Amino acid sequence: MFPEKFLFGASMAGFQVEMGCEKEDVDLNTDWFVWVREPENIITGAVSGHLPEYGVGYWRNYANLHQLAVDFGMNALRINIEWSRIFPKETFSISVQVKGDEQITEIGVTHEALKELDELADKNAVDHYRSILKDMKDRGLKVILNLSHFTLPLWIHDPVAVHRGKSTERTGWVNKKTVIEFAKFAAYIAWKFDDLVDMYSTMNEPNVVSQMGYIMSRFGFPPSYFDPQMYMNSLLNQAEAHARAYDAIKAISKKPVGIIYSASVYESIDNDREIEENATQLMNYSFLDMIHSGKIFFQQREDMKNKLDFLGVNYYTRTVIKRTESINFGPVSLDWTIVEGFGYNCQAGGYSRDMKPVSDFGWEIYPEGLLKVLKQMYEHYKLPIIVSENGIADFRDCLRPYYLVGHLYATEKAIEEGVDVAGYLHWSIVDNYEWARGYHMRFGLAETDYNTKKFIPRPSMYIFREIAKSHTSKIFLHYLNSPYDIWRLG
Ligand SMILES: OC[C@@H]1[C@@H](O)[C@H](O)[C@@H](O)c2[nH]c(CCc3ccccc3)c[n+]21
1 MFPEKFLFGA
11 SMAGFQVEMG
21 CEKEDVDLNT
31 DWFVWVREPE
41 NIITGAVSGH
51 LPEYGVGYWR
61 NYANLHQLAV
71 DFGMNALRIN
81 IEWSRIFPKE
91 TFSISVQVKG
101 DEQITEIGVT
111 HEALKELDEL
121 ADKNAVDHYR
131 SILKDMKDRG
141 LKVILNLSHF
151 TLPLWIHDPV
161 AVHRGKSTER
171 TGWVNKKTVI
181 EFAKFAAYIA
191 WKFDDLVDMY
201 STMNEPNVVS
211 QMGYIMSRFG
221 FPPSYFDPQM
231 YMNSLLNQAE
241 AHARAYDAIK
251 AISKKPVGII
261 YSASVYESID
271 NDREIEENAT
281 QLMNYSFLDM
291 IHSGKIFFQQ
301 REDMKNKLDF
311 LGVNYYTRTV
321 IKRTESINFG
331 PVSLDWTIVE
341 GFGYNCQAGG
351 YSRDMKPVSD
361 FGWEIYPEGL
371 LKVLKQMYEH
381 YKLPIIVSEN
391 GIADFRDCLR
401 PYYLVGHLYA
411 TEKAIEEGVD
421 VAGYLHWSIV
431 DNYEWARGYH
441 MRFGLAETDY
451 NTKKFIPRPS
461 MYIFREIAKS
471 HTSKIFLHYL
481 NSPYDIWRLG
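Per full-length UniProt numbering: the sequence shown ends with 490, consecutive numbering throughout.
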């Protein structure tokens, strides 16, 4: 059974759902807004050519989406506040007390600084986000507020300039100054919204931002510039930014503050335990260790430890690896590589090499991996966990019922085996703008009609409601495993 207070909900991101109704709802001031319409990216196929301003329209029709959540058994939603909407212009001029330069160990945002930030802030955006969060609360939904979800204000990041190798100050998370500006933003959000927030997350998937930005530079994420040193700097700066934002929020709020991290389970094709441990350490633990134990690779930083009250774990599928001759790039060296035909690397709409079904996105259905990763993460950090993203791109909703039951069962089983899981947030409640893939990928429990902005619940959404109401996934186990024999969770 799921605990009485278990959070059943969904996650969303501002850039992926807000725009779509009126012209004035469009936020022109982010790196992603510019990136997805950059001609080079569209012509080369790096991005879909779809534009976010034709999307869900949540900025205007948030009440419908919140009511849909309530109607289908949800008691929580995760959304983020777009930094660029609150501060469309730079905040460098606001002075705060900063200790350290190479290593920023403390940032003091005084009340004076908050009032000055209030002068710069877009008051309509502040008020509008307050209406959105208040509407969630009024309908009995818990508010899980994330601050940064992939997008950065254009005054922080010029993705095309970086992509072209041009010299610019606006290098996003690679620039140390971004740590200070993010701490100001975090303090301001806590100051203006704390009465409407139940839990904070500082950022979504810092590891993905760095990996897709500076290593996997052919997957359409800004700035798609292969540079291992920039990869490392962006990771380290995001870890420091999290720690300073954690302190800034805690100076104002008593609510829990965590981070949302993209995790996978790393399985060797030939039972090579050593490379599984190496991959898990590098990909799942190395970033989070920085803000949990203060371990920055081989250095200890007291100002970075104990900066997590909970962990948001985003899990979609596994990663199968095999040993290789060590590959050294910059500060990182790998003795493993990813094997095609499993996990994220399958043929869309087909089957994995283990004959497990694969989504429209080419991701293998592997709920066993969620059970494993929840147990690994809890064993390693002993922190409360929320499954903050889990879902499948499946326009026809023919795989999602199996995916949903399998992963909710994995979550329920983890709880029964002693893991402190406080919630499950599906990705996502409605179809939305899928970054470099635009509207092609449909992750919604409900289908989005992008013409009418109506949401049509898919069959899976009724399954979600029954599980949320009965507080167990076991009512569906018998019906939703055998045809595909997807999982053996024991
Ligand atoms: O791709 C589905 C979702 C995105 O829509 C979310 O914004 C993002 O938080 C998120 N992360 C992941 C797993 C890592 C990943 C990110 C982007 C592309 C491919 C894999 C999947 N998703």
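Don't be surprised by glycine CBs; every beta carbon is placed ideally from N, CA and C.
A quick note: this is a predicted structure, and the numbers were derived from the prediction, not measured.
According to the neighbour-count rule (16 or more other Cβ atoms, all chains shown, within 10 Å of its Cβ), is residue i buried or exposed?
i           : result
residue 479 : exposed
residue 346 : buried
residue 251 : exposed
residue 55  : buried
residue 80  : buried
residue 379 : exposed
residue 3   : exposed
residue 322 : exposed
residue 281 : exposed
residue 118 : exposed
residue 326 : exposed
residue 19  : buried
residue 45  : exposed
residue 15  : buried
residue 111 : exposed
residue 132 : buried
At the level of alpha carbons, what is the spacing between residue i and residue j?
i           : j           : result
residue 86  : residue 121 : 5 Å
residue 349 : residue 341 : 12 Å
residue 115 : residue 127 : 16 Å
residue 476 : residue 405 : 7 Å
residue 285 : residue 308 : 13 Å
residue 385 : residue 365 : 22 Å
residue 440 : residue 48  : 8 Å
residue 462 : residue 304 : 43 Å
residue 8   : residue 142 : 10 Å
residue 361 : residue 372 : 23 Å
residue 446 : residue 430 : 5 Å
residue 194 : residue 426 : 24 Å
residue 382 : residue 452 : 46 Å
residue 188 : residue 97  : 15 Å
residue 212 : residue 221 : 6 Å
residue 125 : residue 336 : 46 Å
residue 152 : residue 442 : 24 Å
residue 459 : residue 401 : 8 Å
residue 191 : residue 165 : 38 Å
residue 269 : residue 289 : 27 Å
residue 197 : residue 274 : 42 Å
residue 391 : residue 12  : 12 Å
residue 316 : residue 377 : 15 Å
residue 433 : residue 17  : 7 Å
residue 413 : residue 150 : 31 Å
residue 25  : residue 448 : 18 Å
residue 292 : residue 454 : 42 Å
residue 61  : residue 294 : 42 Å
Does the beta carbon of residue i fall short of 6 Å from some heavy atom of ligand 1?
i           : result
residue 359 : no
residue 173 : no
residue 13  : yes
residue 208 : yes
residue 390 : no
residue 35  : no
residue 316 : yes
residue 75  : no
residue 427 : yes
residue 262 : yes
residue 204 : yes
Taking 7 Å as the CB-CB cut-off, is residue i touching chain D?
i           : result
residue 319 : Annotation note: the requested chain D is absent from the structure, which comprises a single protein chain.
The stretch 27-34 touching the stretch 202-216, judged by at least three CB pairs closer than 8 Å:
At 8 Å Cβ cutoff, the stretches do not touch.
Quick test of the definition: if touching needs 3 or more C-beta pairs under 8 Å, does the stretch 325-334 touch the stretch 220-231?
Enough Cβ pairs lie closer than 8 Å, so yes.
Just to confirm the assignment: which complete alpha helix (DSSP H) runs, minimum length 4, are found wholly within the stretch 335-421?
Listed in chain order, the complete alpha helix (DSSP H) runs (minimum 4 residues) inside the stretch 335-421 are 368-381 and 400-416.
Can you list the beta strand (DSSP E) stretches of 3 or more residues lying completely in the stretch 4-34, in chain order?
As far as the stretch 4-34 is concerned, its whole beta strand (DSSP E) runs of at least 3 residues are 7-11.
Could you tell me which uninterrupted alpha helix (DSSP H) segments, each at least 4 residues in length, are contained entirely in the stretch 56-135, listed from first to last along the chain?
Complete alpha helix (DSSP H) runs here, min 4: 58-71, 83-86 and 111-120.
The stretch 101-113 touching the stretch 172-190, judged by at least three CB pairs closer than 8 Å
Cβ pair count under 8 Å is three or more, so yes.
Does the stretch 64-74 come into contact with the stretch 34-43, if we say contact requires no fewer than three beta-carbon pairs (one atom in each stretch) closer than 8 Å?
The stretch 34-43 and the stretch 64-74 do not touch, with fewer than three beta-carbon pairs separated by less than 8 Å.
Let me know the beta strand (DSSP E) ranges lying completely inside the stretch 430-456, each 3 residues or longer, listed in chain order.
DSSP assignment within the stretch 430-456 yields the following whole beta strand (DSSP E) runs of 3 residues or more, N-terminal first: 446-449.
Beta strand (DSSP E) runs wholly inside the stretch 220-281, at least 3 long, in chain order
257-262 and 266-268, all fully within the stretch 220-281.
Report the start-end ranges of each alpha helix (DSSP H) in the stretch 174-219 that is 4 residues or longer and not cut off at the edges.
With a minimum length of 4 residues, the continuous alpha helix (DSSP H) runs that stay inside the stretch 174-219 are 177-193 and 206-214.
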